[in-house]
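Novice:
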Amino acid sequence: MKKLLVLLLALCMLLLPVLTACKDTEEVPEDTEAEEATEADTSGLDEWGRPVVSIDVPESLDFGGEELHIICRNEDYALVDVGDFEEQTNALEQQLYYRNFDIEEYLNIELVYSYYDPTTLNSKLNSTLQKDLEADLKTYDLVLNYGTFGISALVRDYYVNLLDPSAVPYMDLSKPWWNKNYIENAQAYGQLYYITGDYNLSTYNRVMVTYFNESLCLSYGISENLYEVALDGGWTYERLFEYAKMYDDTNGNTVKDANDVYGLLSNANSEAYDGFLYGFQLNFVKTYDDGAHGFDIAGNLKMEDAMSKIQTLYEQDGVWLIAKTEGAEKTSEQQYKMFAESRALFDIDVIYRYKAQNLAFRDMTDSYGILPLPKYDSEQKEYGSGVQVAYTICSIPRYSNYNGDMVSAFLEYANGYNYRTIRPYYFENIVKKQYFSTEDSSKVFDMVLASTDFDFGEIYAQLINQVNNLVWRNVAKNGGTVSRAWAENETVFRKKLIELDNWFYSKAE
Ligand SMILES: [Ca+2]
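If you read the sequence shown in this note's numbering, its first letter stands for residue 14, the second for the next number, and so on.
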């Protein structure tokens, strides 16, 4: 199929002087379901009540069949961004595959991909890119990187400032397909080097939620409608705390093991703790009026109390924590299997971890749903949701002759395209109908998405002496207090944050 398209494109280019409207004459695979989804009503809203917004990337653009080379993450769950599915195994993969044809046709480009491991600051992805940038080889036009490691100092000096309209003429960050909260929290002194938007379905997939097994909750006497509780704003720490006491030695061997039933299941590698930062509306870092950043940790009584709450929560009888509970495995496989096999009433995890987890949940006999992370207390007005640090960020490498027109047109068009078609297709037809399947669960899902938040301190944690690990995750997992962890590392934290701010400031000059 792709070869055919390339041939058509080549033919088209030969005939270009004659065929002025080359783009309109080509045969490309039709994306009927998604196309139907774009039809607007007269009120200016689409069928899901979202504003119909034009993508202002002119159709007259023509990059002459040039390759747009994307260096990207090789992990299974991040492939939904680039959608390079030569062999599609489901409807979403098919939609994404055809989307790419449409984009290639619209801009007259050819998408090319290189996949590397992105999972450290010095990852293969970052080091490969760094060598290429240093030698100014111009191999890559666009980078799709792992959120928490993509900000690596190896490559950041070579990135285009996305807030400079002359550098990215076709990007319009006011459009609804760009993640405003990320943009607001990732920038400093008018500099923004990373961005995430609707093109990055993997970012949505990393949103943390509380799953609950509806059938199991009923059989263990939880009769209240948890969706209603959540939608009425009543899903709080206190409730989850009560449920986390529930434990049933179902195999009767008087030993807590992975075959029993637990009130609360999660993963001490990250998800058990990270989401509560946002659920409780806490930030590591605040921004001053002059644009500089400062910590909001020392003397933060709410953060200290929140830590104590989380530690107490996970000490309850009915808790099984991956990588923490005695006898538990270290990786997430046991977590998703236990939930899928009805071994837990509640489970704190991301929307989509990877394919095997997703398939196991969809194959479950019991019905399950999602709730947000609980509120700190009933006084808290809104829920807060966090995105686990493995979300995807996009950057444009600044070679001496990088093609800002082409990459910005691609990013704007791909994000706008996903906003119009892929995102509603994914959310409405797949996530809501296949993952969650009830209308109430869908409402909760919308509420969760509407409350997602980023924190400068966590976005750049790897450059701030791993502040998220040292004052939060490790303390929650291993005991101690936020204030002690802060005191032990305060000097380095402050030094690193100033260095980071200074770096941003130096780029602004
Ligand atoms: Ca047992």
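Note that the Cβ used here is the ideal one computed from N, Cα and C, for glycine as well.
Residues in the same chain with beta-carbon distance under 7 angstroms from MET184, minus the five sequence neighbours each way, listed in chain order, please.
Specialist: LEU175, SER421, LEU424 and GLU425
Novice: Between which two residues does the beta strand (DSSP E) containing MET221 stretch?
Specialist: 221-226
Novice: Which residues in the same chain have their Cβ closer than 7 angstroms to the Cβ of ARG411, if we skip the five residues on either side of it in sequence?
Specialist: TYR171, TYR172 and VAL173
Novice: How is PHE308 classed by DSSP in three states: helix, strand or coil?
Specialist: strand
Novice: Which word fits ALA34, buried or exposed, when buried means at least 16 other C-beta atoms lie within 10 angstroms of its C-beta?
Specialist: With a pLDDT of only 34 at ALA34, under 50, the local geometry of the prediction cannot be trusted, and the value read off the model is given with reservation. Flag for ALA34 reads exposed.
Novice: Can you list, in chain order, the residues of its chain whose CB lies under 8 angstroms from that of ASP390, leaving out five sequence neighbours each side?
Specialist: Correct list, in chain order: THR249, TYR250 and GLU251.
Novice: Count the other C-beta atoms from every protein chain shown that fall within 10 angstroms of the C-beta of LEU314, then say buried if there are 16 or more, exposed otherwise.
Specialist: exposed
Novice: Does DSSP put VAL298 in a helix, in a strand, or in coil?
Specialist: strand
Novice: Please report how far the alpha carbon of LEU386 lies from the alpha carbon of GLU392, in whole angstroms.
Specialist: 15 angstroms
Novice: Name the DSSP beta bridge partners of TRP333, please?
Specialist: LEU278
Novice: DSSP three-state call for PRO387: helix, strand or coil?
Specialist: coil
Novice: For a test of the three-state rule: what should DSSP assign to GLN401, helix, strand or coil?
Specialist: coil
Novice: Quick test of your reading: TYR301 and LEU277, contact by CB under 8 angstroms. State the CB separation rounded to the nearest angstrom.
Specialist: Between TYR301 and LEU277 the beta-carbon gap is near 38 angstroms, outside 8 angstroms, which marks them as no contact.
Novice: In angstroms, rounded to a whole number, what distance separates the CA positions of ASN192 and THR132?
Specialist: 23 angstroms
Novice: Look up VAL95 in the DSSP assignment and give the residues it is bridged to.
Specialist: Answer is none; VAL95 lacks a bridge partner.
Novice: Assign PRO30 to buried or exposed, taking buried as 16 or more other Cβ atoms, counted over all protein chains shown, within 10 Å of its Cβ.
Specialist: Only weak support exists for where PRO30 lies, its pLDDT of 34 falling under 50; the value from the coordinates is given anyway. So PRO30 ends up on the exposed side.
Novice: Output the boundary residues of the alpha helix (DSSP H) element that contains LEU244.
Specialist: 239-244
Novice: Measuring CB to CB, does MET419 end up less than 8 angstroms from ASP154?
Specialist: yes
Novice: Please confirm whether any heavy atom of ligand 1 lies closer than 7 angstroms to the CB of ASP2.
Specialist: Nothing can be reported for residue 2, as the shown portion of the chain is limited to 14 through 522.
Novice: Please classify GLU123: does DSSP put it in a helix, a strand, or coil?
Specialist: If DSSP states are grouped into helix, strand and coil, GLU123 belongs with the strands.
Novice: Of all Cβ atoms in chain D, is any one closer than 8 angstroms to the Cβ of LYS456?
Specialist: No chain D is present in this structure, which holds just one protein chain.
Novice: Between ASP89 and LYS368, which are expected to be in contact by the criterion C-beta below 8 angstroms, what is the C-beta distance as a whole number of angstroms?
Specialist: At roughly 6 angstroms, the Cβ-Cβ gap stays under 8 angstroms, so ASP89 and LYS368 are in contact.
Novice: Could you tell me which of GLY77, PHE289, TYR111 and VAL66 sits nearest to GLY399, measuring between CA atoms?
Specialist: PHE289
Novice: Determine contact between the segment 194-205 and the segment 436-443, defined as no fewer than three beta-carbon pairs at a distance below 8 angstroms.
Specialist: Note that the segment 194-205 does not touch the segment 436-443; fewer than 3 beta-carbon pairs, one per stretch, sit closer than 8 angstroms.
Novice: On the DSSP letters alone, give me the boundaries of the alpha helix (DSSP H) that ILE196 sits inside.
Specialist: Element bounds for ILE196: 193-199.
Novice: Can you list, in chain order, the residues of its chain with a C-beta nearer than 8 angstroms to that of GLU284? Leave out the 5 residues immediately preceding and following it.
Specialist: MET221, ILE361, ASP362, VAL363 and GLN401
Novice: Would you give the residue range spanned by the alpha helix (DSSP H) that GLU88 belongs to?
Specialist: Annotation: GLU88 is outside any alpha helix (DSSP H) and is labelled neither H nor E by DSSP.
Novice: Check whether the segment 376-385 and the segment 224-234 touch, using three or more Cβ-Cβ pairs below 8 angstroms as the test.
Specialist: yes
Novice: If you check the beta carbons only, do PRO219 and TYR404 fall under 8 angstroms apart?
Specialist: The question names Pro, yet the displayed sequence has Arg at residue 219. Between ARG219 and TYR404, the C-beta gap is smaller than 8 angstroms, which places the two residues in contact.
Novice: Identify whether VAL488 lies in helix, strand or coil by the three-state DSSP scheme.
Specialist: helix
Novice: Less than 8 angstroms separating the beta-carbons of ASP273 and ARG356?
Specialist: yes
Novice: Name the DSSP bridge partner or partners of THR249?
Specialist: LYS388
Novice: Assuming ASP514 is part of the alpha helix (DSSP H), what are its boundary residues?
Specialist: In the DSSP assignment, ASP514 falls within the alpha helix (DSSP H) that extends over 495-521.
Novice: Would you mind sorting VAL268 into buried or exposed? The rule is 16 or more other CB atoms within 10 Å of its CB.
Specialist: exposed
Novice: Under 7 angstroms from any heavy atom of ligand 3, does the C-beta of VAL268 make it?
Specialist: As presented, the structure is devoid of ligand 3, carrying ligand 1 as its sole ligands.
Novice: Determine the DSSP secondary structure at GLN526, reduced to helix, strand or coil.
Specialist: The question about residue 526 has no answer, for the chain in this structure spans 14 to 522.
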